[in-house]
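Beneath this line is the structure, given in structure tokens, with notes to follow.
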Amino acid sequence: MALARHSHFLAHSSNVNCLRFGRKSGQVAATGGDDNLVNLWRMREKETKNIMSLSGHQSAVESIVFDPAEHKVVAGSQAGSIKVFDLEAGKVNRTLKGHMASTTTVDYHLYGDYVASGSRDTIVKVWDLRTKSCMQTFKGHSSELTAVSFTPDGRWLTSGDQDGVIKIWDLTAGRLLHEFPDHGGAITSLEFNPEEFILVSSAADRTVRFWDVQEFALIGVTPVDNATTTSMSHTVTEPYSGKYLFCCSQEAIRVWSYETAIECHDSVMMPHQKELGHVEIHADTTMTQDMKLMGGCIQDAFVSVWVLDVMQMRPFNRTSSSNNDHGATENIARVGQLLQ
5 MALARHSHFL
15 AHSSNVNCLR
25 FGRKSGQVAA
35 TGGDDNLVNL
45 WRMREKETKN
55 IMSLSGHQSA
65 VESIVFDPAE
75 HKVVAGSQAG
85 SIKVFDLEAG
95 KVNRTLKGHM
105 ASTTTVDYHL
115 YGDYVASGSR
125 DTIVKVWDLR
135 TKSCMQTFKG
145 HSSELTAVSF
155 TPDGRWLTSG
165 DQDGVIKIWD
175 LTAGRLLHEF
185 PDHGGAITSL
195 EFNPEEFILV
205 SSAADRTVRF
215 WDVQEFALIG
225 VTPVDNATTT
235 SMSHTVTEPY
245 SGKYLFCCSQ
255 EAIRVWSYET
265 AIECHDSVMM
275 PHQKELGHVE
285 IHADTTMTQD
295 MKLMGGCIQD
305 AFVSVWVLDV
315 MQMRPFNRTS
325 SSNNDHGATE
335 NIARVGQLLQ
């Protein structure tokens, strides 16, 4: 079986609002809840163990992210404040104040101690953790921010909002670089191809769109799905790096490619149709056959961790039978064909 439940556990005393996995190891996760706490978890072979509970926020934790080295966790609150937790010390290292409403989304820069945040106050901020100060404030959105993401090279920042608008900000010039038109629904996630200048966005209109960020053009869109994609992740292991995209919804995990045509290769249905809160690829870059995908499902105060054996799915396993209800071998749409 390609998809198996790793563990199911009570994560907080009240509702869980956010969940993120550490990108470096793939063995730790952080959750934030209505109980104002940040909880850290370590995934063992067949269990998930609580290793730390971090307090400091005075309101519900709404957004969370690890730094690339997994030494810090950044958590945004319903009150708007952002706290940086030092995991070695087990306490608050920085408190960042500036948002006037809930901090709904955060991202950590890959190459420096910089954090981006988006808020219900419609403002995007970039913070320098060394100086504990706000470096840049970007205005222009007209609704709540739902996603922020640094580009892989760290030069730009993308932000998406409740109205389906995506903006790209130039961090060096400190200005708006480009705005993509209405996606058709609230942006649910933003993901950059690790090898190409392509931004992928998912939204409440139940489509995934592909944007060329060199030409600033929409180059493709998936057919309307049965459920909204809530999280996405590219393959990062050679020889597949950047070639395939995993899209996760309440209904299914789907494998897409879009290099020459938008094609759904395979699908795995989600048990119990629970909402998949976050997903990332975790693999030994030298051991392709061990490539796994870790997913976390949030339901009330509980979290379920699922592991997908990627190598049992098409196109990674050429002999596998497909569960793909979109047609595993049929090219669904040529890039750009659905743009009219």
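The letter at position 322 of the sequence shown is residue 326 when you use this note's numbering, and the numbering goes up by one with no holes. Idealized CB from N, CA, C, for every residue including glycine. The structure presented is a predicted model; accordingly, all values stated were derived computationally and were not measured.
Please state whether DSSP places residue i in a helix, a strand or coil.
{"i": "glutamine 218", "result": "coil"}
{"i": "methionine 56", "result": "strand"}
{"i": "alanine 305", "result": "coil"}
{"i": "alanine 8", "result": "strand"}
{"i": "valine 96", "result": "strand"}
{"i": "valine 169", "result": "coil"}
{"i": "methionine 347", "result": "There is no way to answer for residue 347, as the model of the chain reaches only from 5 to 344."}
{"i": "methionine 298", "result": "strand"}
Near residue i, what residues of its chain come up, given a Cβ to Cβ distance below 6 Å and the 5 sequence neighbours on each side ignored?
{"i": "isoleucine 68", "result": "Cys22, Arg24, Ala34, Gly36, Ala79"}
{"i": "threonine 233", "result": "Ser206, Val212, Cys251, Ser253"}
{"i": "alanine 105", "result": "Gly84, Ser123, Arg124, Asp125"}
{"i": "histidine 10", "result": "Val309, Val311"}
{"i": "histidine 113", "result": "Phe154, Gly158"}
{"i": "phenylalanine 142", "result": "Val128, Trp173"}
Alpha carbons only, please: which of the options is nearest the one belonging to residue i?
{"i": "glycine 299", "options": "Thr109, Ser235, Lys53, Asp229", "result": "Ser235"}
{"i": "asparagine 230", "options": "Gly224, Ala73, Ala207", "result": "Ala207"}
{"i": "glycine 94", "options": "Thr135, Ala6, Asn40, Ser57", "result": "Ser57"}
{"i": "glycine 122", "options": "Glu263, Val32, Cys138", "result": "Cys138"}
{"i": "valine 272", "options": "Ala265, Ile257, Tyr248", "result": "Ile257"}
{"i": "asparagine 97", "options": "Leu180, Leu114, Gly60", "result": "Gly60"}
{"i": "methionine 317", "options": "Gln303, Asp186, Lys296", "result": "Lys296"}
{"i": "glutamate 195", "options": "Thr226, Pro156, Gln166, Leu175", "result": "Pro156"}
{"i": "histidine 186", "options": "Asn197, Thr176, Val169, Asp174", "result": "The question names histidine, but residue 186 is aspartate in the sequence shown. The shortest Cα separation from aspartate 186 among Asn197, Thr176, Val169, Asp174 belongs to Val169."}
{"i": "threonine 241", "options": "Phe184, Arg179, Met274, Asn197", "result": "Asn197"}
{"i": "isoleucine 223", "options": "Thr264, Arg46, Ser193", "result": "Thr264"}
{"i": "aspartate 38", "options": "Val259, Val20, Ser29, Lys28", "result": "Val20"}
{"i": "histidine 352", "options": "Lys129, Asp90, Tyr112, Glu92", "result": "With the chain running from 5 to 344 in the structure shown, residue 352 is simply not present."}
{"i": "threonine 99", "options": "Val77, Val110, Lys136, Tyr118", "result": "Lys136"}
{"i": "aspartate 216", "options": "Tyr262, Phe70, Asp270, Gly26", "result": "Tyr262"}
Beta-carbon within less than 8 Å of residue i's beta-carbon, same chain only, minus the 5 sequence neighbours each way: which residues are those?
{"i": "glutamate 200", "result": "Gly246"}
{"i": "glycine 116", "result": "Gly158"}
{"i": "threonine 108", "result": "Glu66, Ser67, Gly80, Gly122, Ser123, Arg124, Glu148, Leu149, Thr150"}
Less than 8 Å between the beta carbons of residue i and residue j, yes or no?
{"i": "alanine 8", "j": "asparagine 40", "result": "no"}
{"i": "valine 32", "j": "leucine 44", "result": "yes"}
{"i": "valine 88", "j": "leucine 133", "result": "yes"}
Ordered along the chain, which non-local residues of its own chain (more than five positions away) have a Cβ less than 7 Å from that of residue i?
{"i": "asparagine 321", "result": "Met315"}
{"i": "histidine 182", "result": "Ile172, Phe220"}
{"i": "alanine 6", "result": "Val272, Leu312, Asp313, Gln316, Met317"}
(request) List in chain order: all unbroken beta strand (DSSP E) runs of 3+ residues lying wholly within the region 179-262. (result) 179-184, 191-196, 202-207, 212-216, 221-225, 233-238, 249-253, 256-261
(message) Quick check on the DSSP output: what are the complete beta strand (DSSP E) runs of length 3 or more inside the region 10-63, in order along the chain?
(response) 20-25, 32-37, 42-47, 52-58
(message) I'd like the ranges of any beta strand (DSSP E) spanning at least 3 consecutive residues and lying wholly in the region 110-165.
(response) 118-123, 128-132, 137-142, 149-154, 160-165
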